[in-house]
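A.B. asks: Have a look at this one before I ask anything.
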Amino acid sequence: MSLRTERTWLANGWRLLHFGFLTYLWIGFDDAENTFILLLLLFLLTSLRWRFELPAVFLLPDILICVLYFPYTSVSYYALALPIFEWAQRGRWPFSLSVFVALGFVPFFSGWLLWYFVLALFVGFFLDRYARNLEQWKKEADEQRKARQELERVKAELLEAQRSVSKQAELTERYRIARQLHDHLGHDLTGASLALQAHAYAEDPEEAKSLLQEVKSRLERSTHSLRETVHDATPVAPIGIENLERALLHFQEIDVSLRKSGDLLSVAAYQWSLLEACLKEALTNIVRHSDATAAEVTVQVAGAIVRLLVQDDGTPRENNAQSESGSGLRSLNMRARALGGSLSTSADNGFLLVCVLPLEQEG
Amino acid sequence: MTIFYFTLKRSFANLANLIFLTAAPIACIFLPAGEGWPPLAYGYAYFGIVILFVAIRLAQIMMEDRVKGILKRLSVAPVRYFSYLGQHLLAYAVILILQSAVVVLGGWIAGQELHRPWALFALYVSFSFAALAMALAWISVFRSKDAAFLFYMSLIVLAALLGGIILPLEIFPDLLRRIAVILPTFWFAEGLKSIASAQPFADNVRINATLCLYALVFLVLGSTRRMQ
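Chains Y and E are the protein sequences, given in the same order. Residue numbering for the first sequence is 1 to 363, as defined by the working numbering. Residue numbering for the second sequence is 364 to 591, as defined by the working numbering.
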């Protein structure tokens, strides 16, 4: 049952209770047939309010009918509790107070009547507060939902941007290496080749010696240039599988072994960053939630996918780890999905984390 | 008015309805008068029960529409729900008014003691409206046509008994007599008594107005749109 329906049920419940009470008063203390017509009239007006959204001013007929019945039956005084309730539950409780004030000027007045009015006012006030809180809660829930969706959208965009930047960096680096090879190594090697061809036709021994010296110096320069290019292209910080190895090296809590297979160079840098995050999250989870003493990490590149498996030797748990996965795993799962892969966990036989990512096709 | 004409045709479509709508009112005309009670001939008191049965039989047609999904299909047609409801109720009201006219006119021709035939006719019409609205409200609660009819039959018998149509109210304990006022059948029986005892015209108006109030209350409650 929704909260709004629940509120309507509460209001209708009170209305029915009120009519039940009036009927009890009528049967027990009055018994005039005409009083029943009063109840029927009030019930008709209440039904109209239940069926259609009528403004608060439509409570005036209720009051008018009750006032007309004042000389004939005391039930009509108690019937005034209904407008009090309706005003209060619409947030117009100050109007209800006017009925209390009018009580002092009517011939029939009893403590029970006052208490009944107070009760009606309280129930109406409670329902009004309940409705307002409900609206507030719904508004906040909507805002949170909207913010979460916005956050997820930004996150997906960031992941896409990371992927794009990684590709751009790779292309730029390729271009730099190609330019360097062309500008330095290429010229020297071409010069050395021409010098060698000239040497074949040289008749003067001095000239031939000079040409050989030229070839030698150009080859030395080329070797130096090549060494510099390779040195510049080699990253200072570890990347790829080395980064994972380094993470395992610094992890001392339990024994962890690493197995790797396949062409690891085909895995892109942005994929390695996700695999590294998965590995760190898995190891943290093992330390925090598992009683494992050892774990095995496997990185496999097979066909068009790269797969990371982290399996510990902890005690199996009854409930699946996926169902109780924290925000870390949820976030990683989302990142994996954003890269076209998947991440799943299981606690059936120790903790197991599997992350699968598709490799980029060459070309 | 297509729905109105179609509803009229559907109301007479099956045999049970045809018997209810034609034979039952005619049979009421020829039932004998009691000694002292009921105030009019038996048939004129029992016609109230017939009206209640006829009302639920007719209202069941609308329930059938709801159960078979016709109402759902209608919601995509250019027909407003209030138009659908209004034309159905109008058709049923016409049938019930005609029945009342047949009973009163037939009784007058057959020489029954009707005291004030016009007042009797007005009472039947008011009670027909109340019965129709009650049936409408009743079927809006149920999902099964048969369950609605069976429960309503029991309710009719109980209401007729407590309201003073089948037995005089005077034989009931005081508390039951007080509770009986809540039932529309009580006001119907009161109306018959008022006509037979030549009460002032205002008394008849009061009773008819009460029955119309019942009709309004149940119409408001029963006019909610339900698809299933």
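In this text, a Cβ means the ideal position worked out from N, Cα and C, and glycines have one as well.
#1: Following the continuous beta strand (DSSP E) through Ser342(Y), name the residue where it begins and the one where it ends.
#2: Considering Cα atoms alone, identify which of Pro71(Y), Phe351(Y) and Ile63(Y) is closest to Ser98(Y).
#3: If you measure beta-carbon to beta-carbon, which residues of the segment 64 to 84 of chain Y are closer than 8 Å to chain E?
#4: Going by other Cβ atoms of all chains shown within 10 Å of its Cβ, with 16 needed for buried, is His18(Y) buried or exposed?
#5: Among residues of its own chain, excluding the 5 on either side of Thr73(Y), which ones have a beta-carbon nearer than 6 Å to its beta-carbon?
#6: So is Lys556(E) buried or exposed if we call it buried at 16+ other beta carbons inside 10 Å?
#7: Use the C-beta contact count for Thr370(E): other C-beta atoms within 10 angstroms, 16 or more gives buried, fewer gives exposed.
#8: In chain Y, what lies closer than 8 Å to Val465(E) by C-beta?
#9: Flag Ile37(Y) as yes if its beta-carbon sits less than 9 Å from any beta-carbon of chain E, otherwise no.
#10: DSSP on Leu309(Y), reduced to helix/strand/coil?
#11: Please report how far the alpha carbon of Gly406(E) lies from the alpha carbon of Tyr24(Y), in whole angstroms.
#12: If we count the other Cβ atoms within 10 Å of its Cβ and call it buried at 16 or more, is Gln423(E) buried or exposed?
#13: Does any heavy atom of the ligand FAD sit closer than 8 Å to the C-beta of Ala404(E)?
#14: Take Phe514(E) as the anchor and find which of Thr548(E), Leu415(E), Gly469(E) and Thr365(E) has the nearest alpha-carbon.
#15: When burial is assigned at 16 or more other CB atoms within 10 Å of the CB, is Phe564(E) buried or exposed?
#16: One question on the structure: do Val310(Y) and Phe351(Y) come within less than 9 Å of each other, judged by their Cβ atoms?
#17: Quick one, which of Leu521(E), Ile502(E), Ser374(E) and Lys372(E) has its alpha-carbon nearest Arg429(E)'s?
#18: Can you tell me the Cβ-Cβ gap for Val297(Y) and Leu249(Y), rounded? I've got them flagged as a contact below 8 Å.
#19: Can you find a CB in chain E that lies within less than 9 Å of the CB of Thr23(Y)?
#20: Do Leu525(E) and Gly554(E) have their C-beta atoms closer together than 9 Å?
#21: Below 7 Å CB to CB, which residues in the same chain sit around Ser323(Y) once its five sequence neighbours on both sides are set aside?
#22: Determine the closest residue to Gly469(E) out of Lys372(E), Leu530(E), Thr548(E) and Ala404(E), with distance taken between C-alpha atoms.
#23: Give the DSSP-derived three-state secondary structure of Gln300(Y) in the structure shown.
#24: Check Val256(Y) in the structure and name its three-state DSSP category.
#25: Leaving out the 5 sequence neighbours to the left and right, which residues in its chain are closer than 6 Å to Met426(E) when beta-carbon positions are compared?
#26: Using a Cβ-Cβ cutoff of 8 Å, what residues of the segment 267 to 299 of chain Y are near chain E? List them in chain order.
#27: Nearest by alpha-carbon distance to Ala454(E): which of Ala386(E), Ile570(E), Val568(E) and Phe492(E) is it?
#28: Output yes if chain E places a C-beta closer than 9 Å to the C-beta of Val53(Y); else output no.
#29: Closer than 7 Å, Cβ to any Cβ of chain E: which residues of the segment 88 to 104 of chain Y, in chain order?
#30: Please list the partners that Phe43(Y) has in chain E, where partner means a Cβ-to-Cβ separation under 9 Å.
#31: What residues of chain Y sit near Leu495(E), judged by a beta carbon separation below 8 Å?
#32: Rounded to the nearest angstrom, how far is the Cβ of Arg7(Y) from that of Ala131(Y), given a contact under 8 Å?
#33: Is the number of C-beta pairs between the segment 100 to 112 of chain Y and the segment 125 to 144 of chain Y that are closer than 8 Å three or more?
#34: What is the rounded straight-line gap between the Cα of Pro61(Y) and the Cα of Phe85(Y)?
#35: Taking just the CA atoms, how far does Trp115(Y) sit from Leu40(Y)?
C.D. replies: According to the structure shown:
#1: Ser342 to Ser346
#2: Checked all of Pro71(Y), Phe351(Y) and Ile63(Y); the closest Cα to Ser98(Y) is Ile63(Y).
#3: none
#4: Looking at its Cβ environment, which holds 16 or more other Cβ atoms inside 10 Å, His18(Y) is buried.
#5: If we look at Thr73(Y) and ignore the five residues flanking it on each side, its Cβ neighbours are Asp30 and Thr35.
#6: buried
#7: Taking all protein chains in view, the Cβ of Thr370(E) is crowded by 16 or more other Cβ atoms within 10 Å, so the residue is classified as buried.
#8: Neighbours of Val465(E) on chain Y: none; closest Cβ ~30 Å, over 8 Å.
#9: yes
#10: It is a strand residue.
#11: 35 Å
#12: Looking at its Cβ environment, which holds 16 or more other Cβ atoms inside 10 Å, Gln423(E) is buried.
#13: Questions concerning the ligand FAD fall outside what the structure shown contains, since it holds no ligand whatsoever.
#14: Leu415(E)
#15: exposed
#16: yes
#17: Of the candidates Leu521(E), Ile502(E), Ser374(E) and Lys372(E), the residue whose Cα lies closest to the Cα of Arg429(E) is Ile502(E).
#18: About 12 Å; that fails the 8 Å criterion.
#19: yes
#20: no
#21: Residue confidence is low: Ser323(Y) scores 49 on pLDDT, short of 50, so the model does not pin down where it sits. Its coordinate-derived value is still stated next. Within the same chain, Ser323(Y) has no close Cβ partners at all.
#22: Ala404(E)
#23: Residue state, collapsed to three classes: strand.
#24: strand
#25: Ile502 and Lys508
#26: none
#27: Phe492(E)
#28: Correcting the residue type first, residue 53(Y) is Glu in the shown sequence and not Val. No, Glu53(Y) lies away from the interface with chain E (no Cβ there is under 9 Å from its Cβ).
#29: Taking 7 Å as the upper bound on Cβ-Cβ separation, chain E lies near no residue of the segment 88 to 104 of chain Y.
#30: Leu576 and Val580
#31: Neighbours of Leu495(E) on chain Y: none; closest Cβ ~16 Å, over 8 Å.
#32: 6 Å
#33: Counting C-beta pairs closer than 8 Å gives fewer than three between the segment 100 to 112 of chain Y and the segment 125 to 144 of chain Y, which falls short of the contact rule.
#34: 15 Å
#35: 24 Å
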